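Since the structure comes first, as structure tokens, the remarks are kept for the end.
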Amino acid sequence: MAAPDIVRWAEVEPVEVAPGMWRRTLGTGERGMLIEVRAEPGVQLEAHSHPAEQIGYVVSGEVELTIDGTPYRFSQGDSYAIPGNVPHSARFLTSCVLAEYFTPVREEYRRK
Numbered sequence: 865m866a867a868p869d870i871v872r873w874a875e876v877e878p879v880e881v882a883p884g885m886w887r888r889t890l891g892t893g894e895r896g897m898l899i900e901v902r903a904e905p906g907v908q909l910e911a912h913s914h915p916a917e918q919i920g921y922v923v924s925g926e927v928e929l930t931i932d933g934t935p936y937r938f939s940q941g942d943s944y945a946i947p948g949n950v951p952h953s954a955r956f957l958t959s960c961v962l963a964e965y966f967t968p969v970r971e972e973y974r975r976k
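The opening position of the sequence shown corresponds to residue 865 in the numbering used here, with each subsequent residue numbered one higher.
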């Protein structure tokens, strides 16, 4: 049995993804990981894709995600699932907090 990954939010240093946007890796298991994203209004994340499936929940704020060319607007309490290798981008309309789960694990997001 693998050891549990116990994480204290206050002990995880945020990683700046882009100006005005930070990521914290909250927990990593054998097959997936949970991260927190915080972004300021107006931040835009360019279109990209990755092999991992991405499932997200909007904790607070509003964000517009363009998934495979179609824009969707999400607000507090909404969720989404983006299949692996599908292009997507983000535009944060307000200050925003997202919880996102990736499977398989994105090695570049592991805590150091």
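We put the beta carbon where it would ideally sit given N, CA and C, even for glycine.
Keep in mind it's a predicted model, so treat the numbers as computed, not measured.
Three-way DSSP call (helix, strand, coil) for residue i in this model
i, result
"ALA866", "coil"
"GLU875", "helix"
Which listed residue (the options) has its alpha carbon closest to that of residue i
i, options, result
"SER953", "VAL927, ARG887 and GLU875", "VAL927"
"ARG895", "ASP932, ALA866 and ARG872", "ALA866"
"GLU875", "ARG888, ALA882, VAL881 and PRO883", "ARG888"
"GLN908", "ILE870, ARG975, SER959 and LYS976", "SER959"
Contact set for residue i: own chain, Cβ-Cβ below 6 Å, skip 5 residues either direction
i, result
"TYR921", "SER943 and ALA963"
Cβ neighbours of residue i in the same chain (closer than 8 Å, five flanking residues each side left out)
i, result
"LEU957", "PRO905, GLY925, GLU926, VAL927, GLU928 and ARG937"
"ALA911", "THR930, PRO951, HIS952 and SER953"
Close beta carbons around residue i, own chain, < 7 Å, minus the five adjacent residues each side
i, result
"VAL950", "SER913, ILE931 and ASP932"
"ARG970", "MET897, HIS914 and ALA916"
Extent of the continuous beta strand (DSSP E) to which residue i belongs
i, result
"PRO905", "Element bounds for PRO905: n/a, residue is neither H nor E."
"GLU971", "Note, GLU971: premise wrong, no beta strand (DSSP E); not H, not E."
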